[in-house]
Amino acid sequence: MGAAHDHPGFADPHYVRRRNHLADQARHHRVGDPSPHVDYTETEHRTWRTVHRALLQAHQGRICRTVEEARDQAPIPADHIPQHTEVGEELTALTGFSFTLAGGIVPNQRFLGSMADGHFHAVQYVRHPTMPLYTPEPDVIHDVLGHGTHLTSPLFADLYRTVGRAARRVHSDDALDLISRIYWHTLEYGLAHESGTTKAYGAALLSSYGELLRMHQAHIRPWNLHEIATRPYQVSGYQPVLYTMRSLDHLTQTLHDLLDDFDEDTRPRMGLPPLAERGLTGRPAPSTH
Ligand SMILES: [Fe+2]
Numbered sequence: 019m020g021a022a023h024d025h026p027g028f029a030d031p032h033y034v035r036r037r038n039h040l041a042d043q044a045r046h047h048r049v050g051d052p053s054p055h056v057d058y059t060e061t062e063h064r065t066w067r068t069v070h071r072a073l074l075q076a077h078q079g080r081i082c083r084t085v086e087e088a089r090d091q092a093p094i095p096a097d098h099i100p101q102h103t104e105v106g107e108e109l110t111a112l113t114g115f116s117f118t119l120a121g122g123i124v125p126n127q128r129f130l131g132s133m134a135d136g137h138f139h140a141v142q143y144v145r146h147p148t149m150p151l152y153t154p155e156p157d158v159i160h161d162v163l164g165h166g167t168h169l170t171s172p173l174f175a176d177l178y179r180t181v182g183r184a185a186r187r188v189h190s191d192d193a194l195d196l197i198s199r200i201y202w203h204t205l206e207y208g209l210a211h212e213s214g215t216t217k218a219y220g221a222a223l224l225s226s227y228g229e230l231l232r233m234h235q236a237h238i239r240p241w242n243l244h245e246i247a248t249r250p251y252q253v254s255g256y257q258p259v260l261y262t263m264r265s266l267d268h269l270t271q272t273l274h275d276l277l278d279d280f281d282e283d284t285r286p287r288m289g290l291p292p293l294a295e296r297g298l299t300g301r302p303a304p305s306t307h
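With the numbering used here as the guide, the letters of the sequence shown map in order to residues 19 to 307.
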């Protein structure tokens, strides 16, 4: 993912109309209501197939075993874009999760908080067909393939709920920003050591061919909450810094340690400066749609 102002998606009025039409459906959507059915075009299905095939290849040797197993079990077809409800019903049976409709950026409190109840906000629009392996914004491929893979796994579903419960407990921008950063650098862009090498587990990596192929060119650093809390978000382009856990057990332990008792005082209690002091502002989780 990443911003590209000359991306064909922004310059193609037919594409923009279609994208905005699908985004507008979310305008009055209530969390938990089923997403509307979308009649995807053959071009859109073809984009899905191209990306699905490329990702399977890119995953080889680059993603954590637990994630690979979840992907192989996930109710996500290779040959067509599934409906949210089609995948959601099976996720509900596996982990209690389902998709709820988003049309773009969703405020942190709603996006993160809904995870406590097993609702994951997902969009329905698809990236531009002329650049199937690159998207300037999260699309249905990122949401359904990336997050849907996670939400097939009880281990990851528990972590999403853990994030959600923490977000439900707080209201300030400072507190929500910290939860959002923790989410971003783990469940979206996290790496973990496995069998002597560093592998991807984050959903943004799993669903991005380009990020996966170049992840070892990023600065790979051990998990460091202070850095994560104070570094400005890099929303566009490839991530320059990725954080790695010692293992997925370390990830689970770290998120539960940080988030189970997370409250408004967690940030100052851990010696982390408030947003304003860093010249930063609270912003929606960049992966949030
Ligand atoms: Fe995401």
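No residue lacks a Cβ here, since even glycine has one placed at the ideal position from N, Cα and C.
Beta-carbon proximity check, residue i vs residue j, cutoff 7 angstroms
| i | j | result |
| --- | --- | --- |
| R311 | D281 | The structure shown has nothing for residue 311, since the chain only spans 19 to 307. |
| P172 | T215 | no |
| V141 | V158 | yes |
| T167 | R89 | yes |
| I246 | R199 | yes |
| G131 | A185 | yes |
| A41 | G106 | no |
| V49 | T118 | yes |
| H55 | Q101 | yes |
| I238 | L266 | no |
| A15 | L205 | Because the chain is modelled from 19 through 307, residue 15 falls outside the range shown and cannot be assessed. |
Close beta carbons around residue i, own chain, < 6 angstroms, minus the five adjacent residues each side
| i | result |
| --- | --- |
| Y219 | C82, V85, G208 and A210 |
| T170 | A88, Q91, A92 and L112 |
| H160 | S225 |
| A175 | T113, F115 and L169 |
CA-to-CA distance, residue j to residue i, given in whole angstroms
| i | j | result |
| --- | --- | --- |
| F288 | Q257 | The displayed chain sequence assigns Met, not Phe, to residue 288. Answer to the nearest angstrom: the Cα atoms are 26 angstroms apart. |
| H47 | P95 | 26 angstroms |
| A21 | L74 | Caution applies to A21, whose pLDDT of 48 falls short of 50 and renders its modelled position unreliable; the value that the coordinates give is listed next. Cα-Cα distance, rounded: 24 angstroms. |
| T68 | D97 | 9 angstroms |
| R36 | D30 | 10 angstroms |
| L194 | L293 | 11 angstroms |
| A134 | D191 | 19 angstroms |
| Y178 | H268 | 16 angstroms |
| H234 | K217 | 9 angstroms |
| F129 | H203 | 16 angstroms |
| L196 | Q78 | 32 angstroms |
| E155 | S213 | 33 angstroms |
| P291 | H189 | 17 angstroms |
| T153 | F28 | 11 angstroms |
| E363 | V162 | Missing from the structure shown is residue 363; the chain here goes from 19 to 307 and no further. |
Cβ-based neighbour list, residue i, same chain, cut-off 7 angstroms, excluding 5 preceding and 5 following
| i | result |
| --- | --- |
| A72 | L151 and Y227 |
| A120 | A44, H139, A140, V141 and H307 |
| I99 | Y58, E62, H63, W66, V144 and V158 |
| T272 | W241 and M263 |
| G164 | A221, A222, L224 and S225 |
| Q252 | P258 |
| T103 | P52 and S53 |
| R232 | Y256 |
Residue i: CB within 6 angstroms of a non-hydrogen atom of ligand 1
| i | result |
| --- | --- |
| P156 | yes |
| A221 | yes |
Own chain partners of residue i with C-beta closer than 8 angstroms, once the 5 adjacent residues on each side are dropped
| i | result |
| --- | --- |
| P26 | Y33, H146, T148 and M149 |
| T180 | L273, H274, L277 and D278 |
| A236 | Y256, Q257, P258, V259 and L260 |
Short CB-CB distance (under 7 angstroms) between residue i and chain C
| i | result |
| --- | --- |
| R35 | Within the model displayed, chain C is absent; a lone protein chain is all it includes. |
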